[in-house]
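Protein chains in written order, with the working numbering: chain G, 2 to 517; chain H, 61 to 158; chain X, 2 to 500.
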Amino acid sequence: MLLTQLPAAELASLIHTRETSAVEVTRAHLDRIAAVEPAVHAFLHLDAEGALATAAAVDDCLQRGDSPASPLAGVPLALKDVFITADMPTTCGSRILEGWRPPYDATVTRLLREAGVVILGKTNMDEFAMGSSTENSAYGPTRNPWALDRVPGGSGGGSAAAVAAFEAPLAIGTDTGGSIRQPGALTGTVGVKPTYGGVSRYGLVAFSSSLDQGGPVTRTVLDAALLHEVIGGHDPLDSTSIDAPVPPVVAAVRAGATGDLTGVRVGVVSQFRGEGYQAGVQHAFDLAVSRLRELGAQVVEVSCPTFDYALPAYYLIAPSECSSNLARFDGMRYGLRIGDDGSRSAEEVMSLTREAGFGPEVKRRIMLGTYALSAGYYDAYYGQAQKVRTLVIRDFAAAFEQADVLVSPTSPTTAFPIGERVDDPLAMYVSDLCTIPANLAGNAALSVPAGLSDVDGLPVGLQVMAPAQADDRAYRVAAAYEVARDAAEGGPLTHRVPDLTEDRVPGPSMDRVAAR
Amino acid sequence: MPTISRDEVAHLARLARLAVTEQELDLFAGQLEVILSSVARVSEVAAADIPPTSHAVGLTNVFREDVPRPGLTQQQALSGAFAAEQGRFRVPRILDES
Amino acid sequence: MTAALMDYDEVLDRFEPVLGLEVHVELSTATKMFCGCANVFGAPPNTHVCPTCLGLPGSLPVLNRVAVESVMRIGLALNCSIAPWCRFARKNYFYPDMPKNFQISQYDEPIAMDGSLEVQLADGSTFTVGIERAHMEEDTGKSLHVGGATGRIHGASHSLLDYNRAGVPLIEIVTKPIVGAGTRAPEIARAYVTALRDLLRALEVSDVRMDQGSLRCDANVSLMPRGSSIFGTRTETKNVNSLRSVERAVHHEMRRQAAVLAAGGSIVQETRHFDEANGTTSPGRRKETSEDYRYFPEPDLVPIAPADEWVQSLRATLPELPWQRQARIQAQWGLSDLELRDLVNAGALDLIAATVDAGASAAEARSWWVSYLSQQANSRGVELAELPITPKQVARVVALVGEGLLTNNLARQVVDGILADEGGPDDVIAARGLAVVSDDAALTAAVEQALAAQPDIAEKIRGGKVAAAGAIVGAVMKATGGQANAQRVRELVFALVSA
Ligand SMILES: [Mg+2]
Ligand SMILES: [Zn+2]
Chain G
2 MLLTQLPAAE LASLIHTRET SAVEVTRAHL DRIAAVEPAV HAFLHLDAEG ALATAAAVDD
62 CLQRGDSPAS PLAGVPLALK DVFITADMPT TCGSRILEGW RPPYDATVTR LLREAGVVIL
122 GKTNMDEFAM GSSTENSAYG PTRNPWALDR VPGGSGGGSA AAVAAFEAPL AIGTDTGGSI
182 RQPGALTGTV GVKPTYGGVS RYGLVAFSSS LDQGGPVTRT VLDAALLHEV IGGHDPLDST
242 SIDAPVPPVV AAVRAGATGD LTGVRVGVVS QFRGEGYQAG VQHAFDLAVS RLRELGAQVV
302 EVSCPTFDYA LPAYYLIAPS ECSSNLARFD GMRYGLRIGD DGSRSAEEVM SLTREAGFGP
362 EVKRRIMLGT YALSAGYYDA YYGQAQKVRT LVIRDFAAAF EQADVLVSPT SPTTAFPIGE
422 RVDDPLAMYV SDLCTIPANL AGNAALSVPA GLSDVDGLPV GLQVMAPAQA DDRAYRVAAA
482 YEVARDAAEG GPLTHRVPDL TEDRVPGPSM DRVAAR
Chain H
61 MPTISRDEVA HLARLARLAV TEQELDLFAG QLEVILSSVA RVSEVAAADI PPTSHAVGLT
121 NVFREDVPRP GLTQQQALSG AFAAEQGRFR VPRILDES
Chain X
2 MTAALMDYDE VLDRFEPVLG LEVHVELSTA TKMFCGCANV FGAPPNTHVC PTCLGLPGSL
62 PVLNRVAVES VMRIGLALNC SIAPWCRFAR KNYFYPDMPK NFQISQYDEP IAMDGSLEVQ
122 LADGSTFTVG IERAHMEEDT GKSLHVGGAT GRIHGASHSL LDYNRAGVPL IEIVTKPIVG
182 AGTRAPEIAR AYVTALRDLL RALEVSDVRM DQGSLRCDAN VSLMPRGSSI FGTRTETKNV
242 NSLRSVERAV HHEMRRQAAV LAAGGSIVQE TRHFDEANGT TSPGRRKETS EDYRYFPEPD
302 LVPIAPADEW VQSLRATLPE LPWQRQARIQ AQWGLSDLEL RDLVNAGALD LIAATVDAGA
362 SAAEARSWWV SYLSQQANSR GVELAELPIT PKQVARVVAL VGEGLLTNNL ARQVVDGILA
422 DEGGPDDVIA ARGLAVVSDD AALTAAVEQA LAAQPDIAEK IRGGKVAAAG AIVGAVMKAT
482 GGQANAQRVR ELVFALVSA
């Protein structure tokens with residue numbers, strides 16, 4: 002069994018029991034990265050040296066007989082390039098920050114370091130997290146390990162692809178409208194958007210402050226829970242951080258893993274089906290729901306009529322906030338500066354820098370947000386969108402009266418071909434139809450692999466949504482479902498990821514998994 | 061159906077400090093119109109009596125005690141600067157106008 | 002090019018001025034508004050900065066509790082109501098001294114609103130200025146313009162930015178439109194800023210140094226034709242860095258605008274720059290029209306909802322405010338309104354009060370400050386408060402006179418010594434040897450000498466001519482340089498002649 006195919010929990014126990022070393026595990030992943038990166042392009046920056054140094058430090062501490070800094074000490078991780086790192090460049094997939102080395106660490110970065118997690122590098126993303134395909138990266142697209150001509154979803158396509166391609170067992174993403182969950186669905190991985198305020202945003206480069214939330218990207222629900230407990234919790238540097246203990250997500254996974262969901266009420270959101278939903282996605286979802294029923298869950302139909310307005314509300318709120326958040330990128334204090342020839346004014350240089358430094362989607366959203374916030378239009382657009390937000394919260398509240406968790410397909414379609422939607426913003430935006438309501442309301446939601454589409458053979462995701470600060474509920478249901486699905490289909494979905502290396506480095510295959 | 065003129069796009073671009081090209085003016089004018097007409101639906105549901113939500117989590121009164129904590133050194137502060145002089149960020153001449 | 006100005010009296014014959022004053026106060030908190038950087042003036046550039054006040058990507062603001070309490074105390078002192086719920090908003094515009102290219106401020110939800118401040122004018126009358134709002138915001142960095150005329154923005158080749166001041170807590174206090182001030186508009190503007198400064202000083206929330214920019218005033222001025230009730234277009238004059246400048250700037254803007262209007266022109270809504278040197282204003286940065294600021298609720302900060310108990314506990318911390326103090330002192334000392342006003346105008350009230358607190362009687366303290374010390378101040382051309390003598394020292398002198406250790410004449414010499422920086426009262430007395438001599442032995446000798454020197458007078462006294470004793474007393478006083486206790490000398494004279 003290759004180390005790179007093991008989930009983080011198993012790697013951690015092998016490292017902590019000294020059956021293998023963190024350095025060995027890190028090397029194995031660096032080798033895998035070397036082998037598949039040319040095909041996948043999940044990373045924008047690799048720090049092999051730093052990673053091996055961290056791994057060695059973990060091994061030394063274990064050698065001394067000290068107990069590991071955390072349950073994930075020594076396990077490699079891929080960090081989305083939207084989190085600030087003092088020892089690595091932070092670009093957010095944008096030209097305007099090319100080569101920028103920040104003078105500080107994000108809180109999430111700090112917590113990972115303190116936990117002894119080995120940060121391999123920074124992953125590719127849509128520029129400033131604006132996109133659903135990772136095609137908006139200034140540094141080229143990331144490819145979907147399931148089909149290299151397809152997108153891995155976005156904006157966190159790099160993190161999802163890295164995990165799906167066994168370049169790392171753990172990754173961190175951020176989810177503003179679905180940027181963790183939708184890539185999870187399109188790459189057959191687990192992606193969690195914790196409750197808003199559950200994970201610190203300090204050092205997370207803001208796209209839309211009231212919606213952004215960092216979270217785990219993994220291959221198993223347990224790994225996600227373990228990582229969630231490492232990065233979660235109150236941060237006095239983030240005013241919107243919830244001052245309460247992290248929900249007991251690991252315990253919830255252990256409970257769910259027993260495969261018993263008796264008495265759990267699962268609500269199927271009736272709005273998330275029908276036109277625009279691929280047949281293969283619908284079939285996989287229906288099958289997932291029947292599996293939940295078999296596990297003892299009580300499935301009910303719930304209606305959230307205002308969810309139909311979540312997408313338009315999102316495409317007013319997010320661009321509005323981003324038009325303000327991205328104003329600071331002006332070439333005056335850091336990053337790219339264009340046209341400073343000694344004759345031009347600061348204003349001119351700012352405009353030339355932003356014009357050259359931002360890609361089309363970012364400019365489009367900045368313009369859209371600038372328009373939506375203008376006095377003449379504020380009430381009709383931004384103001385109305387904020388009211389829709391209230392209605393969505395009310396719909397969730399009503400739905401959670403009838404059900405403990407809500408489920409839906411994570412995305413209406415499977416991975417689409419690279420280039421297919423890049424020139425059609427609206428078509429691209431539809432990928433986040435099902436994920437956006439949870440961002441608007443701030444509650445917890447995750448995507449867990451729900452098998453392959455019987456139409457195109459590509460992964461489909463099951464979205465599980467829970468009330469704010471009840472993240473553990475979603476984890477319990479996802480864990481139970483994962484056990485049942487893996488049992489029925491003979492192992493984790495990701496073990497069906499095709500071989501990605503020309504020279505046929507043995508990739509994972511069903512028989513190898515079965516042999517375990 | 062909202063219509064966005066090239067002039068409006070040009071005004072937005074100036075407010076947003078984007079030196080957009082002529083082609084972009086047309087491109088954005090068209091795209092903004094399409095996007096806005098699709099998101100304009102938000103006005104269908106939200107009645108006047110519905111309070112807007114700016115913060116999903118209902119927190120209030122989050123404060124810091126007035127106690128200094130170490131920040132960055134001058135060198136760290138200027139580390140990303142395109143140009144620095146006398147411990148300050150060097151920027152092009154500032155128009156007496158914004 | 003100097004603007005045409007209308008004669009001031011004519012301005013008032015034809016127009017009614019409308020003022021609006023925006024005062025920005027830098028709080029003297031230990032740290033900045035939204036980060037833990039030290040809030041200090043005059044440190045080396047970019048040495049009190051962090052990711053948050055530098056606006057680095059990923060940084061977030063966290064609100065300073067003391068800053069919130071300060072603005073609430075200011076609001077309460079200005080009779081404002083405190084909002085039960087309010088938020089911050091982002092004011093979006095690009096300017097290099099603003100690291101995020103938006104300012105975190107308060108827009109339609111200020112924390113304090115609808116108050117008033119009563120100001121006193123030189124003629125003793127008072128004028129009530131309505132307070133529209135007091136809200137919190139963050140200060141900007143400072144830019145240094147290099148090349149071209151020194152420091153001026155025009156013709157500069159480039160600029161250098163220091164963000165130590167970025168994020169320093171600012172309170173913006175905005176008046177309601179001040180109408181009906183008439184000819185006293187400039188004086189009222191100055192009196193308002195003065196009263197506000199004294200209030201903020203009493204609250205100990207700011208060091209209110211206009212010269213250092215910790216108190217800044219923007220004067221909005223417009224004119225409406227007499228008889229009209231529609232406000233004219235206003236200009237906002239910035240860079241008004243002293244109390245006197247507030248008065249001059251309003252005065253000048255009134256005359257300039259009147260000339261423009263009289264010439265059939267119209268006023269441009271604009272920001273103007275006050276020139277200390279010649280007391281004029283010139284067009285400054287064009288003001289973005291408010292719809293261009295794209296205000297929206299700051300998503301990185303949560304709403305403020307002060308509980309009533311919190312507000313009341315802050316109300317309880319309010320010190321005796323300047324006008325309360327005046328009322329108390331007037332009652333205690335039984336001053337007429339006229340007397341009180343003279344003391345206030347002379348800037349003597351606080352000095353006298355402090356002298357009384359140091360043990361002197363109100364009458365003694367007043368007579369020193371309003372007569373002898375005022376003369377000294379005038380002859381030196383300085384404010385009374387600027388004299389190098391403290392109320393404590395004055396009180397000590399008063400005490401020494403009371404104990405008969407100083408004559409009034411000696412007391413003045415002691416005060417002169419203090420004003421000449423010869424030290425405190427006792428130092429001066431010692432150094433100049435000014436203590437009254439009551440020692441009999443010394444005095445007896447002096448009297449015997451005087452009698453021996455003028456036997457004829459001694460005869461007259463023996464002969465019952467009591468008045469003649471004065472000559473001997475005078476001689477003794479002369480001989481002792483005025484330090485003799487005259488009463489005792491007189492007694493000794495009679496004792497000795499009748500011996
Ligand atoms: Mg202001
Ligand atoms: Zn700071």
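Idealized CB from N, CA, C, for every residue including glycine.
Here the structure is a predicted model, which means the values were calculated and not measured.
Item	Value
Could you round the C-beta distance between L204/X and R210/X to whole angstroms and report it? I think they count as a contact, below 8 Å.	Between R210/X and L204/X the Cβ distance is about 15 Å, and since that is not below 8 Å, they are no contact.
Assign M131/G to one of three DSSP states: helix, strand, or coil.	coil
Do you know offhand how far L452/X's Cα is from A412/X's?	29 Å
Could you tell me the alpha carbon to alpha carbon distance between G458/G and A79/H, rounded to whole angstroms?	45 Å
Would you kindly work out how many angstroms separate the C-alpha atoms of L406/X and A487/X, rounded to a whole number?	12 Å
Indicate whether the contact test is met: 3 or more Cβ pairs, each with one atom in the segment 124-138 of chain H and one in the segment 130-138 of chain X, closer than 8 Å.	no
In angstroms with no decimal places, state the Cα-to-Cα distance between R235/X and A260/X.	14 Å
L147/H CB to nearest chain G CB: under 8 Å?	This sequence places Gly at residue 147/H; Leu is not what is there. Closer than 8 Å: no.
Please confirm if S158/H has its CB atom under 8 Å from at least one CB of chain X.	Low local confidence applies: a pLDDT of 36 at S158/H is under 50, so the model's placement there is unreliable, with the coordinate-based value given in what follows. Yes - at least one Cβ of chain X is within 8 Å of the one on S158/H.
By DSSP, does A516/G sit in helix, in strand, or in coil?	Because the pLDDT of A516/G is 33, which lies under 50, any placement of that residue in the model is unreliable, and the number read from its coordinates should be weighed accordingly. Reduced to three states, the DSSP call for A516/G is helix.
Return the chain-ordered list of same chain residues with a C-beta closer than 8 Å to the C-beta of F44/G, the five sequence neighbours on each side being excluded.	I34, E38, A79, L121, G122, K123, T124, N125, G159, A163 and E168
List, in chain order, every chain G residue whose beta-carbon is nearer than 8 Å to that of G90/H.	Within 8 Å Cβ-Cβ: nothing; G90/H doesn't reach chain G, min ~11 Å.
Would you kindly check if the distance between the Cβ of Q333/X and the Cβ of V345/X is under 8 Å?	no
Take the Cβ of H496/G as the centre, count every other Cβ of all protein chains shown within 10 Å, and call the residue buried at 16 or more, exposed below.	buried
Using the C-alpha atoms, what's the distance from G132/G back to L31/G?	28 Å
Please say whether I112/X and A84/X have beta carbons closer to each other than 8 Å?	yes
Does DSSP put M511/G in a helix, a strand or coil?	Because M511/G sits at a pLDDT of 35, beneath the cut-off of 50, its placement in the model cannot be relied upon, and the following sentence gives the value as read from the coordinates. M511/G falls in the helix class under three-state DSSP.
Residues near ligand 2, CB to any non-hydrogen atom under 6 Å, in chain order?	G131/H, K33/X, C36/X, C38/X, V50/X, C51/X, T53/X, C54/X and G168/X
Quick check for students: name the residue ranges of the alpha helix (DSSP H) that lie wholly in the segment 336-420 of chain G, counting only runs of 4 or more.	347-358, 361-374, 376-379 and 385-403
Answer yes or no: do V200/G and I181/G have a C-beta to C-beta separation smaller than 8 Å?	no
Need the endpoints of the beta strand (DSSP E) that E23/X sits in, please.	F16 to E27
Once DSSP output is grouped into helix, strand and coil, what is the label at R505/G?	Low confidence applies to R505/G: its pLDDT is 43, below 50, so where it sits in the model is not reliable enough to give any reading.
Output needed for P320/X: all residues of its chain with C-beta closer than 6 Å, excluding positions within five of it in sequence on either side, in chain order.	A203
If you measure from the beta carbon of S454/G to each beta carbon in chain X, is any gap under 8 Å?	no
Do A9/G and L53/G have their CB atoms nearer than 8 Å?	no
Any idea if S321/G is buried or exposed, counting beta-carbon neighbours within 10 angstroms, 16 or more meaning buried?	buried
Could you check if E362/G belongs to the surroundings of ligand 1, using beta carbon to heavy atom distance under 7 Å?	no
Rounded to whole angstroms, what is the Cα-Cα separation between A454/X and R489/X?	20 Å
Measuring from each Cβ to the nearest heavy atom of ligand 1, keep the ones under 6 Å and list them in chain order.	S106/X, E138/X and E173/X
Chain G partners of A106/H, CB-CB under 7 Å?	Q385, K388, V389 and L392
Could you give the distance in angstroms between the alpha-carbon of Q299/G and the alpha-carbon of R474/G?	14 Å
Strictly under 8 Å for the Cβ-Cβ distance: is L57/X near chain G by that measure?	yes
Nearest chain H C-beta to G443/G closer than 8 Å, yes or no?	yes
Closer than 8 Å is the cut-off here; do at least three beta carbon pairs connect the segment 99-111 of chain X with the segment 317-337 of chain G?	yes
Starting from H136/X, follow the beta strand (DSSP E) in both directions and report where the run begins and ends.	T127 to E139
I believe I179/X touches I189/X by the beta-carbon criterion, under 8 Å. Please report the beta-carbon distance rounded to the nearest angstrom.	7 Å
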